[in-house]
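Here the sequence shown is numbered in our numbering, starting from 66 and rising by one per residue.
Glycine is no exception: its CB is placed at the ideal position from the N, C-alpha and C atoms.
A quick write-up on the structure given underneath.
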Amino acid sequence: MWLGDLTLSIAEFMEIVILSWYVLGETESPLILGVFAALRFTGTVVAPFFGVIVDRLGRRHIYIFARSSFVVLSCSVLVLTIFDLLNVIAVLVVAALVGLSRSLDMIVRQSVLPVIVSSSQLQNSVALLRTGRDITQIIGPVLGGVLLEAIGIGKSYIIIIIFHLLSLMFVFLIPGVPNTTIKTAQSIFENLKGGFSYVRVNPFLFGLLVVAFIVNLTAFPLNNTLLAVIARQVMEIDAAGLGWLMGTYSAGALLGSLIIGYFSTMEKAGKAMIIGSILWHIGILIMAYMQWFFISLPVLFFIGISQSFAMVTMAMMLLKYTSEEMRGRVLGLRQLAVYGLPVGVLISGFIAENADASLALIFNGILGLFILVLAIFKWPEMLHKR
Numbered sequence: 066m067w068l069g070d071l072t073l074s075i076a077e078f079m080e081i082v083i084l085s086w087y088v089l090g091e092t093e094s095p096l097i098l099g100v101f102a103a104l105r106f107t108g109t110v111v112a113p114f115f116g117v118i119v120d121r122l123g124r125r126h127i128y129i130f131a132r133s134s135f136v137v138l139s140c141s142v143l144v145l146t147i148f149d150l151l152n153v154i155a156v157l158v159v160a161a162l163v164g165l166s167r168s169l170d171m172i173v174r175q176s177v178l179p180v181i182v183s184s185s186q187l188q189n190s191v192a193l194l195r196t197g198r199d200i201t202q203i204i205g206p207v208l209g210g211v212l213l214e215a216i217g218i219g220k221s222y223i224i225i226i227i228f229h230l231l232s233l234m235f236v237f238l239i240p241g242v243p244n245t246t247i248k249t250a251q252s253i254f255e256n257l258k259g260g261f262s263y264v265r266v267n268p269f270l271f272g273l274l275v276v277a278f279i280v281n282l283t284a285f286p287l288n289n290t291l292l293a294v295i296a297r298q299v300m301e302i303d304a305a306g307l308g309w310l311m312g313t314y315s316a317g318a319l320l321g322s323l324i325i326g327y328f329s330t331m332e333k334a335g336k337a338m339i340i341g342s343i344l345w346h347i348g349i350l351i352m353a354y355m356q357w358f359f360i361s362l363p364v365l366f367f368i369g370i371s372q373s374f375a376m377v378t379m380a381m382m383l384l385k386y387t388s389e390e391m392r393g394r395v396l397g398l399r400q401l402a403v404y405g406l407p408v409g410v411l412i413s414g415f416i417a418e419n420a421d422a423s424l425a426l427i428f429n430g431i432l433g434l435f436i437l438v439l440a441i442f443k444w445p446e447m448l449h450k451r
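Structure below.
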């Protein structure tokens, strides 16, 4: 499972750098880049339904289907490039389809994890998977940027397809992935309603989903849109430079995941999540004033650490405090919270195009801190959960 996630994530982050640089180079529009980033999260709109589907149709079949779709979509980009048919519209369509597959894959992965590890190993397992993703966020962007400058889009996509094929192969090798269905109500809408009802009567889970929405709305636009704009229009560096910026950000996230994994008996996971979220937004405000490549690197490293403190503890608590029979549906709602990201990148792209990227970062940092404070007052129990 870990190796499958590793190879999938390398391919994903290579694609993000390559296609982001392509879209920005073809259009010189931060807003269009924001549209591209938003379309990569189309699956968040239907994520609650995906959660029900995972429960009803069996996790193994869905796991294999999601990974196979990545192979097909990457091959389509390669074919378009070979025949010189690749354009911004085609990239946007592929991004939307990838968004659906990403959401489905993420839900089934998270629902499988508590099945194949014991509850005592859950925090370490979440941290381990997050660590693998953080490693690939270092390797993938750098590899994608360097290959794009050296050999172009077409040949780079051959390597991306190889990584996707490896990720599919590893899914077949995972033992213990159940393919049995979970008995649920007859109607998908009734199942969806049950998921909402379950979260509504568990205020702590509702608070976690709100925090997830906040960080997706105001924090993740940095590395999903604004970092590319800063690299090209402010720092005036190439795609390889963007890869190094994203890689440094991810190196910090890797260290944060390792720290969380080391403290496997952490008693204040809720407090770590809140502090990480606050420091994350403070780092974004600092980044708004960074115009030089080398000076920005330690700032991005700090932001990456803060991100992991927020996201790893959030994922661990969401799995720990959700019953097994409701896990698919609650994780579907968790993916719905990711819908804040496409909204956030569109707002950030609009501000960056009509003003500048620094103003977009300042707006995101201040708004995120304000909403986080409100969430803490509304759900203070988040600070005390283990």
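Nearest residue (CA-CA) to residue i, options the options
i: Ala215; options: Met338, Ser322, Ala305; result: Ala305
i: Val236; options: Ile427, Leu406, Thr72; result: Thr72
i: Val266; options: Phe78, Phe106, Tyr386, Ala160; result: Tyr386
i: Pro445; options: Phe269, Asn152, Leu208; result: Phe269
i: Ile458; options: Ser185, Ile83, Ile436; result: What the structure shows of the chain is the stretch from 66 to 451, and residue 458 is not part of that stretch, so it cannot be assessed.
i: Ser361; options: Leu310, His346, Lys333, Leu411; result: Leu310
i: Met338; options: Ile218, Met352, Leu383, Pro363; result: Leu383
i: Leu143; options: Gly69, Val410, Tyr222, Ser94; result: Tyr222
i: Ala160; options: Gly335, Glu77, Val275, Val276; result: Glu77
i: Arg124; options: Ile239, Gly341, Leu411; result: Ile239
i: Glu418; options: Gly308, Ala402, Thr290; result: Thr290
i: Asp303; options: Gly414, Leu68, Tyr87, Ser190; result: Tyr87
i: Gly308; options: Gly210, Ala155, Leu145; result: Gly210
i: Trp345; options: Ala402, Gly272, Ile427; result: Ile427
i: Val276; options: Ile224, Val82, Gly341, Gly108; result: Gly341
i: Val158; options: Ser133, Ser183, Ile97; result: Ile97
i: Arg399; options: Leu274, Leu432, Gly433; result: Leu274
i: Leu432; options: Ala284, Leu89, Glu80; result: Ala284
i: Glu80; options: Ile224, Leu424, Leu150; result: Ile224
Residue i: first and last residue of the uninterrupted alpha helix (DSSP H) it sits in
i: Ala103; result: 95 to 104
i: Thr283; result: 268 to 283
i: Gly348; result: 334 to 352
i: Val82; result: 67 to 92
Where residue i falls: helix, strand or coil (DSSP)
i: Thr387; result: coil
i: Asp421; result: coil
i: Ile368; result: helix
i: Phe237; result: helix
i: Ser185; result: helix
i: Glu459; result: Here the chain has residues from 66 to 451 only, and residue 459 is not among them.
i: Phe148; result: coil
i: Val159; result: helix
i: Leu110; result: Before going further, note that residue 110 is Val rather than Leu in the sequence given. Reduced to three states, the DSSP call for Val110 is coil.
i: Met379; result: helix
i: Tyr404; result: coil
i: Ala250; result: Note that Ala250 scores a pLDDT of 48, beneath 50, so its modelled location is shaky; the value from the coordinates is reported in the next line. Ala250: coil per DSSP, three-state reduction.
i: Trp309; result: helix
i: Met171; result: helix
i: Gln465; result: Missing from the structure shown is residue 465; the chain here goes from 66 to 451 and no further.
Same chain only: Cβ atoms within 7 Å of residue i, ignoring 5 sequence neighbours per side
i: Arg299; result: Strictly speaking, residue 299 in this sequence is Val, with Arg absent from that position. So the list reads Gln356, Ala422, once near-sequence residues are dropped.
i: Leu323; result: Thr196
i: Val410; result: Gly99, Ala102, Ala103, Pro286, Asn289, Thr290
i: Gly219; result: Leu143, Thr146, Ile147
i: Ile226; result: Val136, Ser139, Cys140, Leu143
Own chain residues within Cβ distance below 8 Å of residue i, not counting five before or after
i: Ile129; result: Leu233, Val236, Phe237
i: Glu91; result: Asn152, Val153
i: Val364; result: Gly348, Ile351, Met352, Met355
i: Ile75; result: Thr201, Ile204, Gly205, Leu208, Phe228
i: Trp67; result: Leu193, Leu194, Gly197
i: Ala380; result: Gln175, Val191, Arg195
Spatial neighbours of residue i in its chain, beta-carbon cut-off 6 Å, leaving aside the 5 residues before and after
i: Asp170; result: Ala131
i: Ser185; result: none
i: Leu350; result: Gly430
i: Ser85; result: Ala293
i: Pro95; result: Val294, Gly414, Ala417, Glu418
i: Thr313; result: Leu362, Leu365, Phe366
Within-8 Å CB hit, residue i to chain D
i: Ile204; result: Of the chains in the structure shown, none is chain D; there is only one protein chain.
**Message:** Taking contact to mean 3 or more Cβ pairs, one atom from each stretch, closer than 8 Å, check whether the stretch 351 to 358 and the stretch 369 to 376 are in contact.
**Reply:** no
**Asked** Do three or more CB pairs link the stretch 315 to 322 to the stretch 189 to 201 at distances below 8 Å?
**Response** yes
**Prompt:** Touching or not, the stretch 276 to 286 and the stretch 406 to 414, by the rule of three or more beta carbon pairs under 8 Å?
**Reply:** yes
**Stretch-stretch touch, CB-based, cutoff 8 Å, three pairs: the stretch 164 to 182 with the stretch 287 to 303** = no
**Prompt:** Quick check: the stretch 130 to 145 against the stretch 430 to 443, are there 3 or more CB pairs under 8 Å?
**Reply:** no
**Prompt:** Looking at C-beta atoms only, is the number of pairs between the stretch 160 to 167 and the stretch 89 to 105 that lie closer than 8 Å three or more?
**Reply:** yes
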